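In this note's numbering, the protein residues as written are 2 to 241.
Take a look at the structure set out below.
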Ligand SMILES: N[C@@H](CCC(=O)N[C@@H](CS)C(=O)NCC(=O)O)C(=O)O
């Protein structure tokens with residue numbers, strides 16, 4: 002089955018949560034924004050105004066499958082998880098994994114807002130002072146709270162805590178991996194300070210990176226390097 006992923010060509014962004022899931026299951030997919038035909042941004046923008054689409058997406062990432070357009074990162078991962086064994090099969094396990102996915106989505110918004118506290122339509126340079134305040138609060142209060150939460154989820158998993166849910170990988174594990182990788186890029190000093198207190202989260206990080214398909218993907222040109230246009234941006238003045 003072939004999928005089409007629509008996401009902005011130059012950043013990992015929220016598209017990366019989908020790419021990691023597609024790569025882990027070895028899915029056949031086209032990353033439309035990155036096909037290199039010179040119309041990459043336009044190809045992604047087109048899907049948002051597609052004539053005759055039954056489901057109109059508000060924003061990318063969008064996954065096209067069998068003529069349907071699925072949007073909202075957590076929703077796409079709910080679909081892929083069910084289809085490709087990246088989710089528990091029982092009702093409450095499935096809801097729990099999805100709950101964690103939605104929680105990660107909330108975290109991602111907070112991370113984004115450290116460099117865009119006033120609004121997404123202004124450049125970072127236009128909201129520097131507010132970013133500094135926001136990032137301070139994020140680093141001192143919110144980041145420790147988020148990390149402690151996921152450490153606790155792993156510690157209390159009755160199946161042992163190698164993964165967030167049950168005893169097997171879910172899309173939520175892949176997404177947590179991406180958030181930690183991004184935080185290490187964006188806030189290296191804060192993360193160096195906090196990581197030792199969260200050994201289970203960091204062990205999961207290594208476990209995901211060592212998975213054969215994920216490892217191959219991370220080493221490939223398909224993995225876009227972090228940069229200062231995406232969600233996880235390294236501005237030294239926001240770290241500490
Ligand atoms: N809640 C949505 C957010 C989607 C979103 O904000 N997409 C960004 C890129 S990461 C975008 O292009 N937004 C355009 C806009 O909000 O106008 C999700 O999780 O997928």
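Note that CB positions come from ideal geometry on N, CA and C, so glycine has one too.
None of these values were measured; they are calculated from a predicted model.
- DSSP links residue 163 through a beta bridge to no other residue.
- In the three-state DSSP reduction, residue 13 falls in the coil class, being neither helix nor strand.
- Using a 10 angstroms sphere on the CB of residue 96, the tally of other CB atoms stays under 16, which defines it as exposed.
- Leaving aside the five residues that flank residue 233 on each side, the residues in its chain whose CB is nearer than 6 Å to its CB run, in chain order, 183, 186, 187 and 227.
- Separation of the CB atoms of residue 104 and residue 15 is rounded to 15 Å, and the pair is thereby denied contact status at 8 Å.
- Beyond the five residues adjoining it in sequence on each side, residue 106 comes within less than 8 Å, by CB distance, of 74 and 75 in the same chain, given in chain order.
- The three-state reading of DSSP puts residue 170 in coil, since its state is none of H, G, I, E or B.
- Residues 4 of the same chain have their beta carbon placed closer than 6 Å to that of residue 66, with the five preceding and five following residues left out of the count.
- For ligand 1, a non-hydrogen atom lies closer than 8 Å to the CB of residue 232.
- If you ignore the 5 residues before and after residue 151, its C-beta comes within less than 7 Å of the C-beta of 177 and 202, all in its own chain and listed in chain order.
- In the DSSP assignment, residue 4 is bridged to 30.
- Only buried fits residue 117, as 16 or more other CB atoms lie within 10 angstroms of its CB.
- With respect to residue 88, residue 172 sits close: the two C-beta atoms are nearer than 9 Å.
- Set against 8 Å, the gap from the CB of residue 80 to the closest heavy atom of ligand 1 is not smaller.
- Taking all protein chains shown into account, residue 141 has fewer than 16 neighbouring C-beta atoms within 10 Å of its C-beta and is therefore exposed.
- Per the CB criterion, closer than 6 Å to any heavy atom of ligand 1, the qualifying residues run in chain order as 14, 15, 60, 61, 62, 73, 74 and 106.
- As the crow flies, the alpha-carbon of residue 26 is around 11 Å from that of residue 175.
- In the displayed model, residue 67 falls within coil according to three-state DSSP, outside both helix and strand.
- Of all alpha-carbon atoms in 229, 170 and 218, the one lying nearest the alpha-carbon of residue 83 is that of 170.
- In the three-state reduction of the DSSP assignment, residue 72 falls in the strand class, which pools E and B.
- Assignment of residue 220 by DSSP, reduced to helix, strand and coil, places it in the coil class.
- DSSP, reduced to helix, strand and coil, places residue 41 within a helical segment of the structure shown.
- Annotation for residue 113: 232 place their beta carbon closer than 6 Å to its own, counting only its chain and skipping 5 residues before and after.
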